[in-house]
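Single-structure report; data block below.
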Amino acid sequence: MMGKKPMCGSASVLLCTYRYDALDRLASCNRGGQAGAFLFYKMNRLASQIQGAVWHSLLQTEDRVLAQQNQIGNHLDCLPLLIDQQGSVIAAPQQAFTYTAYGERDPSNDPAQLPGFNGQWVDPVTGHYVLGAGYRSFNTVLMRFNSPDSFSPFGEGGINGYAYCLGNPVNVEDPTGHIPVISALTEMWSTLSRRLVNATTRFRPPPKEMRVYNHRVWRGLDLNDRTKKSDGVQLVIRGHGADASKLGRQGIEMQNKIASPTEFANAFNAKTVEGYKDIKLIACYSAQGEHNSMAAALSKHSGLPVKGYTGSIMVDSLGEQRLRLVKKNPYKKSDPKYPDFSYEPKWFRPPEKQFNIRKS
């Protein structure tokens, strides 16, 4: 365990001790006089928790819970869960729940420790939602996070580091505690409405999905492999880029700091890029600055073509093996976020003399 954070009601009363693992995920919580509860995750979502002889495991899809299996000693049962359009658990056998817009649950007492608002785990001590595998706690009474976002005040975190879901928790979710995303059902209905409106004029094909595999986390970045139609394998890098017009320079978040284009590129050695045909760098402002950009620096250093993006981009994660880049502005023209959206991909190719730099 990397560290522990006590939460005290007073200077002399210890309510609970929280322990985090080497990946900075909440690994256990120990309440005074009770067996410690150990937490296990799939991606950023809680999958199982064990407390002494009591086991709770969740049956879930990529982003929605379906049922909870409970084992107490030798007794095993399974509770089917009824969820609403946001994925919040609203009913189980002999139980029913309601929520405020910001997720405060009634009744608040839940001996079965079922998931709550947006299908997220509720801390039984505080009643707060622990998002991003323990990264930040969301307080439903204050309607804000208890701690600031490390992405704020620049980039996707926004100016207000404590704000939850951009003030729109009905249509937006924040499963990671970092970046709010449009809820899957809201996006589905929005997409369906747009298609119905345009059905009489022309056929609009569904958005293309990017099939990826071999996901791993490397230095704070998400890496995947992708087989291209034209043969060869593409390295897909996902990260959070900083806007140079606000930060004063290009940069990308790596290991909780903003790395410069040179630092970012130099982190990749020959073994990291070996066997790839090209690289897709899915990060906001990764092509900003043209030949001084992160994509250009990585292309020059690796000797591979690199695709970056000039402005702010949006990407939907549809599970571990599917990604979808949002190529058309999802906001209405009256929305203040409308002018901030852009989809401007740009390829960078290394000079001929640099093609073997990764072999040196």
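Numbers given in the working numbering equal positions in the sequence shown, counted from 1, plus 179.
Glycine residues also receive a C-beta, built at the ideal position from the N, C-alpha and C atoms.
Exercise for the section: Mind listing, in chain order, the continuous beta strand (DSSP E) runs of no fewer than 3 residues lying wholly within the region 236 to 310? Expected result: Counting whole runs of 3 or more residues, the region 236 to 310 contains the beta strand (DSSP E) stretches 244 to 251, 254 to 259, 268 to 271 and 308 to 310.
Practice task
Pair every Cβ in the region 321 to 331 with every Cβ in the region 259 to 273, then say whether three or more of these pairs are closer than 8 Å.
Solution key: The region 321 to 331 vs the region 259 to 273: no contact.
Exercise for the section: Identify which residue in 463, 253, 346 and 350 has its Cα closest to the Cα of residue 136. Expected result: It is not possible to answer for residue 136, since the shown part of the chain is limited to 180 through 539.
Exercise for the section: Determine the burial state of residue 425: buried for a count of at least 16 other Cβ atoms within 10 Å of its Cβ, exposed for fewer. Expected result: Per the 10 Å Cβ criterion, exposed.
Exercise for the section: My understanding is that residue 504 touches residue 494, with C-beta atoms under 8 Å, so please give their C-beta distance in whole angstroms. Expected result: That pair is a contact at about 5 Å.
Problem - DSSP state of residue 400 mapped onto helix, strand, coil - result: In the structure shown, residue 400 falls within a strand segment according to DSSP collapsed to helix, strand and coil.
Practice task
May I have the straight-line CA-CA distance separating residue 222 from residue 193, to the nearest angstrom?
Solution key: A direct Cα-to-Cα measurement between residue 222 and residue 193 gives close to 30 Å.
Practice task
Just mark residue 300 as buried or exposed, buried being the case when its beta carbon has 16 or more other beta carbons within 10 Å.
Solution key: Classification for residue 300: buried.
Practice task
Identify whether residue 394 lies in helix, strand or coil by the three-state DSSP scheme.
Solution key: Assignment of residue 394 by DSSP, reduced to helix, strand and coil, places it in the strand class.
Practice task
Can you check the region 455 to 529 for any alpha helix (DSSP H) of at least 4 residues that lies completely inside it and give the ranges in chain order?
Solution key: Entirely contained in the region 455 to 529, the alpha helix (DSSP H) runs reaching 4 residues are, in chain order, 473 to 481.
Practice task
Just the C-alpha distance for residue 214 and residue 507, rounded to the nearest angstrom, thanks.
Solution key: About 51 Å.
Problem - Distance, residue 235 Cα to residue 247 Cα - result: If you take the alpha carbons of residue 247 and residue 235, they lie about 7 Å apart.
Practice task
Determine, using beta-carbon pairs with one atom in the region 439 to 457 and one in the region 509 to 516, whether at least three such pairs fall under 8 Å.
Solution key: A contact is defined here as three or more CB-CB pairs under 8 Å, and the region 439 to 457 fails this definition with respect to the region 509 to 516.
Problem - Beta-carbon contacts of residue 380 that lie in its chain and below 8 Å, excluding the five residues immediately before and after - result: Annotation note: pLDDT 41 at residue 380 (below 50); position unreliable, coordinate value reported separately. Result list for residue 380: empty, nothing under 8 Å.
Practice task
Measure the C-alpha to C-alpha separation of residue 518 and residue 336 and round it to an integer number of angstroms.
Solution key: Each residue's Cα considered, the two are about 18 Å apart.
Practice task
Counting only the same chain and skipping the five closest in sequence on each side, list residues whose C-beta sits under 7 Å from that of residue 467.
Solution key: Spatial neighbours of residue 467 in its own chain (CB-CB distance under 7 Å, excluding positions within 5 residues in sequence) are listed in chain order as 423, 429 and 489.
Practice task
Let me know the secondary structure DSSP gives residue 407 once reduced to three states.
Solution key: Reduced to three states, the DSSP call for residue 407 is coil.
Handout entry: Beta-bridge pairing of residue 208 - partner residues as DSSP gives them
Key = By DSSP's assignment, residue 208 forms a beta bridge with 197 and 216.
Practice task
Look up residue 445 in the DSSP assignment and say whether it is helix, strand or coil.
Solution key: In the structure shown, residue 445 adopts helical secondary structure according to DSSP, grouped into three states.
Practice task
In angstroms with no decimal places, state the Cα-to-Cα distance between residue 469 and residue 475.
Solution key: Approximately 7 Å, taken between the alpha carbons.
Problem - Cβ neighbours of residue 262 in the same chain (closer than 7 Å, five flanking residues each side left out) - result: If you ignore the 5 residues before and after residue 262, its C-beta comes within less than 7 Å of the C-beta of 243, 244, 268, 269 and 298, all in its own chain and listed in chain order.
Handout entry: Bounding residues of the beta strand (DSSP E) (the contiguous stretch that carries residue 412)
Key = Note, residue 412: beta strand (DSSP E), 412 to 417.
Practice task
Return the residue from the list 479, 390 and 457 that minimises the CA-CA distance to residue 496.
Solution key: If you compare the alpha carbons of 479, 390 and 457 with that of residue 496, the shortest gap goes to 390.
Exercise for the section: Compute the distance between the beta-carbons of residue 249 and residue 291, then report whether it is under 8 Å. Expected result: For the pair residue 249 and residue 291, the CB atoms are nearer than the 8 Å cut-off.
Practice task
Using a threshold of 8 Å, state whether the C-beta atoms of residue 125 and residue 473 are closer than that.
Solution key: Coverage of the chain is limited to positions 180 through 539, which leaves residue 125 absent and any answer about it impossible.
Practice task
With DSSP as the reference, label residue 225 as helix, strand or coil.
Solution key: Strand at residue 225.
Exercise for the section: With DSSP collapsed to three states, give me the class of residue 320. Expected result: When DSSP states are grouped into helix, strand and coil, residue 320 belongs to the coil group.
Exercise for the section: Go ahead and label residue 319 buried or exposed: buried means 16 or more other beta carbons lie within 10 angstroms of its beta carbon, across all protein chains shown. Expected result: Classified as buried, residue 319 has 16 or more neighbouring CB atoms from the shown chains inside 10 Å of its CB.
Problem - Test item: CB-CB of residue 457 and residue 500 under 8 Å - result: No. Outside cutoff.
Exercise for the section: Please work out which residues of its chain come closer than 7 Å, Cβ to Cβ, to residue 313, disregarding the five sequence neighbours upstream and downstream, and give them in chain order. Expected result: Close CB contacts of residue 313 within its chain, under the 7 Å cut and outside five residues either way in sequence, are with 199, 204 and 205 (chain order).
Practice task
Check residue 351 in the structure and name its three-state DSSP category.
Solution key: Residue 351 carries a strand assignment under DSSP once its states are collapsed to helix, strand and coil.
Exercise for the section: Taking the CB atoms as reference points, tell me whether residue 460 and residue 477 lie closer together than 8 Å. Expected result: Cβ distance < 8 Å, so residue 460 and residue 477 count as in contact.
Handout entry: Which listed residue (435, 479, 523 and 487) has its alpha carbon closest to that of residue 529
Key = Comparing Cα-Cα distances from residue 529 to each of 435, 479, 523 and 487, the minimum goes to 479.
Problem - Under the three-state DSSP convention, the category residue 342 falls into - result: Note: residue 342 maps to coil in three-state DSSP.
Problem - residue 333 vs residue 421 beta-carbon contact at 8 Å - result: At the C-beta level, residue 333 and residue 421 come within 8 Å of one another.
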